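Shown next, in structure tokens, is the structure this report addresses.
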Amino acid sequence: MSACTSKSDASLSAMDEALIQATQAGLPLSERPFEAVARALGITEDEVCARFERMRREGVVRRIALVPNHYKLGYVANGMSVWDIDDAALPEIAPKIAALPGVSHCYKRPRHLPDWPYNLFAMLHGRDREAVLAQKQEIEALVGPACRASDILFSTRILKKTGFRLSTKGGA
Amino acid sequence: MNNPASIPSLTELERTLVNRLQHGIDITPRPFDTLAESLNCTVRDVIESLNSLKEKGILMRFGPLFNAVHLGGEVSLVAMAVPEARFDEVGEVVNSYPEVAHNYAREHTLNMWFVVSSAKPGRIEAVLADIEARTGLRPLNMPKEEEYYVGLYFEV
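Going down the list, the sequences are from chains A and B.
Using our numbering, read the first sequence as starting at 1 and increasing by one per residue.
Using our numbering, read the second sequence as starting at 173 and increasing by one per residue.
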């Protein structure tokens with residue numbers, strides 16, 4: 001591969017960064033979605049694909065996909081379910097929770113005792129609050145006695161929502 | 173609150189595309205060719221349906237989904253307990269940082285939850301220290317220690 005110019009662990013070349021920069025806002029809905037970006041960067045579509053495929057293997061790119069507006073699909077209720085689970089039991093239990101339908105993000109995070117005893121977060125989505133609460137009960141049944149406490153936090157207002165600015169490009 | 177009338181109706185092809193394409197496309201110069209073939213339609217039909225989904229506001233974005241952490245950036249979830257009377261004032265302070273991408277009010281003593289991200293190492297801690305100095309409230313930093321799944325899959 002080409003020389004690594006970035007200190008980040010994924011070894012992104014300047015061309016990779018240009019590709020990330022150029023596609024952050026999305027790709028055109030066309031039969032050849034990589035054509036325009038390839039032309040803009042002066043490389044072939046095959047090379048664009050090869051770079052994306054490599055970044056996918058490295059984990060820089062999760063996938064190239066459609067992102068729906070889930071509110072428009074009727075998934076208007078979301079609740080952040082939080083769990084205090086025995087650390088030793090987490091590696092076995094957490095993947096099971098994550099695999100349930102309706103669970104989008106599932107992360108282990110640090111506790112902040114005594115204010116915050118929870119170490120596992122699972123974001124739940126449903127068509128209404130009842131559906132989300134039913135999902136939480138399903139998780140309770142799955143976790144059993146390894147769970148010491150749990151809660152669910154419904155969002156009441158979006159105070160800010162902007163896109164992430166992912167580019168690593170500094171003063172290049 | 174959940175008003176089914178506000179959900180746009182979808183054609184069978186549109187529904188299939190929403191379900192299938194959330195999982196990702198094959199990364200090839202003509203990714204929709206094999207898809208159209210398997211769906212017994214033309215590539216034109218696929219593109220037209222995607223444009224229709226965009227017009228209906230259902231397709232928010234089509235493209236690569238990046239993992240910020242692998243780009244050398246840092247992301248963290250932060251919670252704060254904000255007195256109700258100061259909620260708007262504190263919200264304005266928090267939202268004033270470009271590093272804060274999302275901020276949600278939630279029903280809990282810890283009632284303000286926001287996401288801070290930056291490509292600069294150490295920047296998140298600096299932003300949080302600044303917020304604490306300006307508001308007198310302590311932000312609880314909860315960076316992810318392990319990721320089990322990032323799916324965001326919505327069946328229609």
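Yeah, the Cβ is synthetic: ideal placement off N, Cα and C, and Gly gets one too.
Small disclaimer: the values here were computed from a predicted structure and weren't measured.
- Taking 9 Å as the cut-off, the beta carbon of A/Leu19 is found no closer than this to the beta carbon of B/Phe234.
- The Cβ neighbour count for B/Pro311, taken over all protein chains shown within 10 Å, is at least 16; the residue is labelled buried.
- Classified as buried, A/His105 has 16 or more neighbouring CB atoms from the shown chains inside 10 Å of its CB.
- In summary, A/Thr23 is buried, with 16 or more beta-carbon neighbours lying within 10 Å of its beta-carbon over all protein chains present.
- Not one beta carbon of chain B lies nearer than 9 Å to the beta carbon of A/Gln137.
- For B/Arg233, the nearest CB of chain A lies under 9 Å from its own CB, placing it at the interface with that chain.
- For the stretch 186-202 of chain B, the set of positions with a beta-carbon nearer than 8 Å to some beta-carbon of chain A reads Leu189, Val190, Leu193, Gln194, His195, Gly196, Ile197, Ile199, Thr200, Pro201 and Arg202 in chain order.
- Chain order gives no chain B residues near A/Met15, where near means a beta carbon separation below 9 Å; the closest approach is about 15 Å.
- Residue-level contact by beta carbon fails for B/Thr183 and chain A, as no gap is shorter than 9 Å.
- Using beta-carbon distances, B/Leu282 counts as an interface residue toward chain A, with a partner under 9 Å.
- When Cβ-Cβ separations below 9 Å define contact, B/Gly294 makes no contact with chain A.
- By the neighbour-count definition (other C-beta atoms within 10 Å, threshold 16), A/Arg51 is a buried residue.
- Contact annotation: the stretch 80-89 of chain A touches the stretch 112-125 of chain A, with at least three C-beta pairs closer than 8 Å.
- Residue pairing for B/Val250: DSSP places it in a beta bridge opposite B/Phe286 and B/Asn313.
- Within chain A, the residues whose beta carbon sits less than 8 Å from that of B/Ile179 are Lys72, Leu73 and Gly74, listed in sequence order.
- Residues of chain B whose Cβ lies closer than 8 Å to the Cβ of A/Pro145 do not exist, since the nearest Cβ in that chain is about 20 Å away.
- Proximity to B/Pro315 across B/Val328, B/Phe204 and B/Ser248 peaks at B/Ser248, based on C-alpha coordinates.
- Counting only the Cα atoms, A/Ala122 lies some 27 Å from B/Thr188.
- By the beta-carbon neighbour count (other beta carbons within 10 angstroms, threshold 16), A/Arg109 is buried.
- Following the DSSP letters along the chain, one finds B/Phe259 inside the alpha helix (DSSP H) bounded by residues Phe259 to Asn267.
- Under the DSSP assignment, A/Ala38 falls outside any beta strand (DSSP E), being part of the alpha helix (DSSP H) whose first and last residues are Glu35 to Leu41.
- A/Ile64 and B/Leu182 have their C-alpha atoms roughly 22 Å apart.
- Residue pairing by DSSP places A/Pro68 opposite B/Leu231 in a beta bridge.
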